[in-house]
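Here is the structure we will look at, set down as C-alpha cells.
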Amino acid sequence: MSSPIDFEGVFPAMCTPFDEDERIDFETLQTDAQRLEAAGVDGLVPVGSTGESATLTHDEHVRVVEAVIEAVEDVPVIAGTGSNNTREALELSERAADAGADGLLLISPYYNKPEQRGLLEHFRTIADAVDVPQIVYNVPSRTGRNIEPDTAVELASHENIAGYKAASGDLGQIGEIAERTTDEDFAVLSGDDALTLPMISVGATGAISVAANIEPERTCAMVGAALDGDYARAQNLHHELGPLFRELFVETNPIPVKEAMQIRGYGPARMRQPLSRLSEAYRDDLEAVLADLENSSAAVADVDAAEDDR
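If you're matching positions, the sequence shown starts at 97 in our numbering and goes up one per residue.
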C-alpha cells in the first residue's frame, strides 16, 4: 500500500496519565489529545516509550489507542506497538490496527539484541501481516542495537514500512538513510528534539517529539519554518526551545516531561514503577524554563495584539 499518512510535521509522543491508584486516567488522556490537536500538530503517537508502554498490559495498551482515536477529529493516530518479542509485537500491532490506528510505531527489539538479519525478519513479519503504514524506531540507547543504514534502506522497499524514527544521535547515518530512500515512499522523522532542526537539513520531514507535549505551537512553528526553508526563523525557535529540550532529558524520559505536564496543568506527574518522580534537584530549573517560555509567548501575544489594534 502507499502510505495514506503524510509523515510531515510534528507528532507528539504522548504521555499516559495515571490516577492515584496508578490506573489510566482516560478523561485526562482525551483532554490532552484534544489540546494537542487544537494546537496544530500533524498526528499523535500514544503508547510509545513516552507513554510508558512497558508498564501497560496489552488490554490497557489497546484501550489507550481507542481513547485517543475517539478524542480527536482530524489527525492520524500512530500507535506504539513494538516489543522485543516478535509474536507480541505482531499481536499488539494487529490489535491496534483493528482498533482503528492509522499507523504503527515499532521500536526495534531490545535486550535480546538481534543481528541485522533478525531485525529485517522481525519488521517484515509485522509489515507482511498488518496492512497499515509502519515506522521503524531506532533508539540504540534503549535497545542496545543500531538499525544500520543498509537495513533501514532494505526495509524502506516494503510497501507497509513508511518511515524511520531516528534517535541514534548519528547525523551522518540519518542523512545517509534519507539520501538513499529519496526514491521510496519513506519518511525519516526525528526522535530527538535537540537534533530535529539539523535532521531536517539532511532530509528528515518532521519529528515524533517529546517537547511538543509542552510547547506544541512553538515546535510546529520550528518544524514548519525549517520545512519551508526559513532556517533563520527555525534557528531562532530552536534556540528558544533549546533549554526545554535539555531539561526534558535530565532524567530518563518520560520522567521530566510528565513533571512538566503537571507544572503546566496538563496532567499528573505520576509514574508506574520502576520509574519515579523527577528529582527535586531538577525541578526548579524545569519550572524556570517553563516560566521563561510562557513569558516569551505572552510578550509575542502582546505585540500581536498591539499590531491588530493599529
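Every residue, glycine too, gets a C-beta built ideally from N, C-alpha and C.
- Assigned with DSSP and collapsed to three states, Lys-209 falls in coil, not helix or strand.
- Thr-124 is positioned such that its CB atom lies no closer than 8 Å to that of Val-143.
- In this structure, Glu-347 and Leu-374 form a Cβ contact; the two beta carbons are roughly 6 Å apart against a cut-off of 8 Å.
- Ile-165: member of the alpha helix (DSSP H) spanning 154–167, first to last residue.
- Nearest Cα to Val-106 within the set Leu-337, Gly-320, Ser-392, Ser-372: Gly-320.
- Taking C-beta atoms as the reference points, Val-171 and Val-137 count as a pair closer than 8 Å.
- With respect to the 8 Å criterion, Val-235 and Phe-219 are not classified as neighbours on the basis of their beta carbons.
- Between Pro-350 and Thr-177, the C-beta gap is not smaller than 8 Å, which leaves the two residues out of contact.
- The way I'd put it, the stretch 115–130 doesn't touch the stretch 333–343; fewer than three beta-carbon pairs between them come closer than 8 Å.
- For Ala-185, the enclosing alpha helix (DSSP H) starts and ends at 182–195.
- Distance from the Cα of Arg-238 is smallest, within the candidate group Ala-263, Ala-328, Asp-246, for Ala-263.
- Residue range 199–203 is occupied by the beta strand (DSSP E) that includes Leu-200.
- With a contact defined as Cβ atoms closer than 8 Å, Leu-344 and Arg-314 miss out at about 14 Å.
- Within the DSSP bridge table, the entry for Ala-303 names Val-106, Ser-286 as partners.
- The beta carbons of Ser-297 and Glu-280 sit no closer together than 8 Å.
- Taking 8 Å as the cut-off, the Cβ atoms of Thr-301 and Glu-104 count as close.
- Here DSSP, grouped into helix, strand and coil, assigns Phe-341 to helix.
- Under DSSP, Asn-234 takes part in a beta bridge, and its partners are Ala-262.
- Inside the stretch 344–390, DSSP marks whole alpha helix (DSSP H) runs of 4 or more residues at positions 351–360, from first to last along the chain.
- Ala-248 and Val-164 have their C-alpha atoms some 29 Å from each other.
- Relative to Leu-202, the option among Arg-159, Gly-259, Asp-388 whose CA is nearest is Gly-259.
- Per the Cβ contact rule, the stretch 265–280 is not in contact with the stretch 206–219 (fewer than 3 Cβ pairs under 8 Å).
- The Cβ atoms of Asn-309 and Met-367 lie no closer than 8 Å to each other.
- Where Ile-174 is concerned, the enclosing beta strand (DSSP E) starts and stops at 174–176.
- When only Cα atoms are considered, Asp-121 and Arg-131 end up about 16 Å apart.
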